[in-house]
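Following full-length UniProt numbering, the numbering of the sequence shown begins with 1 at its first residue and continues without gaps. Everything on this sheet refers to the single structure shown next.
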Amino acid sequence: MKKTILFGLLIISFNSFAQKGVNKTDRQLIADLRSNWTSSLQNKQLQKTMDLYTDDAIFYSPGQKAVAGKKAIQALYQQVMRQFTSKCNLQSTGLDVCGPIAWDGGSYNETLIDAHTHKTNRAKGNYLMTLKKQGKEWKISRIMWTEWK
1 MKKTILFGLL IISFNSFAQK GVNKTDRQLI ADLRSNWTSS LQNKQLQKTM
51 DLYTDDAIFY SPGQKAVAGK KAIQALYQQV MRQFTSKCNL QSTGLDVCGP
101 IAWDGGSYNE TLIDAHTHKT NRAKGNYLMT LKKQGKEWKI SRIMWTEWK
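Okay, structure coming up:
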């Protein structure tokens, strides 16, 4: 019984310690960024999508070389937006902030609709974003995707 109570108190104190670094404002700003990213991608708003990235951002995707720098990422998005419409849902399962750096990770499911054939392709996997605070805004510094088989 004592071990169970001690274990429960340990979990509660660890959880409250882990959550201390994330205030409501940062948590909401990052949730807004996540939402803005999915909606700007779906609506093919290239500039709004790119405004969410740092200049030195890196984009990692399965089976591909890393795409480094905002201009290179913009070229990637131009190509993707021309070829597909994306309906992507991000489900955050973890968020932590340490000063001007944060990470947000979880799972995603995405439907890509080919602009020419209208065929759909569905993908599921995990994502991880690292973010940097620039002024009062959070920006994506690194973004990585995995795909479940």
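We treat Cβ as the ideally placed atom computed from N, Cα and C, and that holds for glycine.
Cβ neighbours of residue i in the same chain (closer than 6 Å, five flanking residues each side left out)
i           : result
residue 120 : 111, 113
residue 123 : 110, 147
residue 74  : 50
residue 26  : 97
residue 72  : none
Buried or exposed by the 16-neighbour rule on C-beta atoms within 10 Å, applied to residue i
i           : result
residue 115 : exposed
residue 141 : buried
residue 49  : buried
residue 129 : buried
Which residues DSSP lists as bridging residue i, in chain order
i           : result
residue 137 : 134
residue 63  : Partner(s): none; residue 63 has no beta bridge.
residue 125 : 108
residue 68  : 58
residue 95  : 104
residue 90  : 108
residue 53  : 140
residue 37  : Its beta-bridge partners do not exist; DSSP assigns none.
residue 113 : 85, 120
residue 145 : 127
Supposed contact pair residue j and residue i - C-beta distance, whole angstroms, cut 8 Å
i           : j           : result
residue 132 : residue 54  : 6 Å
residue 46  : residue 33  : Not really, about 17 Å apart at Cβ, beyond 8 Å.
residue 125 : residue 108 : 6 Å
Contacts around residue i, its chain only, beta-carbon distance under 7 Å, and the 5 residues preceding and following it disregarded
i          : result
residue 68 : 58
residue 30 : 95, 102, 104, 131, 138
residue 63 : none
Contacts around residue i, its chain only, beta-carbon distance under 8 Å, and the 5 residues preceding and following it disregarded
i          : result
residue 66 : 58, 59, 60
Contact with chain B by residue i, beta-carbon distance below 8 Å
i          : result
residue 58 : Absent here is chain B; the protein component of the structure consists of one chain.
Would you call the stretch 80-94 in contact with the stretch 103-116, where contact means no fewer than 3 C-beta pairs closer than 8 Å? yes
Counting pairs of beta carbons, one from the stretch 53-65 and one from the stretch 130-144, are three or more of them closer than 8 Å? yes
Evaluate the contact criterion for the stretch 32-42 versus the stretch 78-87: three or more CB pairs, one atom per stretch, below 8 Å. yes
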